[in-house]
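For the sequence shown, my numbering assigns the number 25 to the initial residue and increments by one for each residue that follows. Reviewing the structure listed below.
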Amino acid sequence: MWKSDPWRLYHIGDFFTDLALKILGGEKTASSQDSGDINNWDFDSQIEVKGCSNRNTLKIYSKQLDEEVEQLGFPFSHLLYVIFFYRNRWSDRSRSLSKETPNYKTLNAFLSKNIMVAFVIDARVLMAIRRVNGLRMEQRNNDVVHVIRISKGILHNFVKDSKGTLKHFKLRGFGVFSHKIYGEFRGSLTNFDLVFILSKKQLKKILQFDIHFDSEDIEIAGTQ
Numbered sequence: 025m026w027k028s029d030p031w032r033l034y035h036i037g038d039f040f041t042d043l044a045l046k047i048l049g050g051e052k053t054a055s056s057q058d059s060g061d062i063n064n065w066d067f068d069s070q071i072e073v074k075g076c077s078n079r080n081t082l083k084i085y086s087k088q089l090d091e092e093v094e095q096l097g098f099p100f101s102h103l104l105y106v107i108f109f110y111r112n113r114w115s116d117r118s119r120s121l122s123k124e125t126p127n128y129k130t131l132n133a134f135l136s137k138n139i140m141v142a143f144v145i146d147a148r149v150l151m152a153i154r155r156v157n158g159l160r161m162e163q164r165n166n167d168v169v170h171v172i173r174i175s176k177g178i179l180h181n182f183v184k185d186s187k188g189t190l191k192h193f194k195l196r197g198f199g200v201f202s203h204k205i206y207g208e209f210r211g212s213l214t215n216f217d218l219v220f221i222l223s224k225k226q227l228k229k230i231l232q233f234d235i236h237f238d239s240e241d242i243e244i245a246g247t248q
């Protein structure tokens, strides 16, 4: 059954990785042993893709982030994270994702319809959030791990008050740029905001390339 399928998280992750590929371009990493999910030579970047329900908080392992950053230099100079947030309402003591996706076919339509926003952020933004907000300790497989908790609200602050939030996290030389994405993916229509939180140098480079899907600019702001 779909509800007990151990590959369920894999299919959700695969959906978001393929969507990030369609928007930004690049190629999937060769194997699960490689760092990152996507290699993008145009952006000189290794890309991690994450999906998170708006009811949850994304948890990023601090040690893993540090290890990936330490490996930068060759062949890629930058580590980016693409984080998708999607609606997953409670209904009759179950969440919409479980209730409305009885099989793989309905999963694509549900996720496409319910994506709220996607953030493309430099790993240095995550490290700045860690520096200011600190870490949480959690138990994982009889071990204690340190995680960075990233909520939709924290990242949305960069949109509501770009300059103030960048200043709060001491991200000098960074900027925020937003797109409205709308189009068809895996047979279903999707419509959501795409927000870049990157250094101004990275923003300039990325915006030289076409963002796939039909899109329109919303705003640009940043720090000097």
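Virtual Cβ for every residue (Gly too), placed ideally from N, Cα, C.
- For the 9 Å CB-CB criterion, residue 136 and residue 210 form a contact.
- If you look at residue 199, you'll find it in the beta strand (DSSP E) that goes 198-209.
- Within its own chain, no residue has a Cβ closer than 6 Å to the Cβ of residue 231 once the five positions on either side in sequence are excluded.
- In the DSSP assignment, the residues bridged to residue 142 are 108, 218.
- When the beta-carbon positions are compared, residue 108 and residue 150 stay at least 9 Å from each other.
- Contact annotation: the segment 194-212 does not touch the segment 158-167, with fewer than three C-beta pairs closer than 8 Å.
- For residue 90, the closest alpha carbon among the candidates 82, 68, 59 is that of 59.
- Relative to residue 181, the option among 212, 173, 192 whose CA is nearest is 192.
- Taken atom to atom, the span from the alpha-carbon of residue 202 to that of residue 224 is near 13 Å.
- Excluding five sequence positions before and after residue 76, the CB atoms of its chain that fall closer than 6 Å to its own CB belong to 82, 109, given in chain order.
- Rounded to whole angstroms, the Cβ separation of residue 143 and residue 221 is 6 Å, and the two are in contact under 8 Å.
- When secondary structure is reduced to three states using DSSP, residue 101 falls in the coil class, being assigned neither helix nor strand.
- For the set 145, 170, 141, the Cα lying nearest the Cα of residue 206 is the one of 141.
- Beta-bridge pairing by DSSP links residue 154 to no other residue.
- The C-beta distance from residue 40 to residue 93 rounds to 22 Å, too long to fall under 8 Å, and the pair is not in contact.
- The closest CA to that of residue 156, considering only 164, 169, 168, 190, is found on 190.
- For residue 163, DSSP records a beta bridge to 168.
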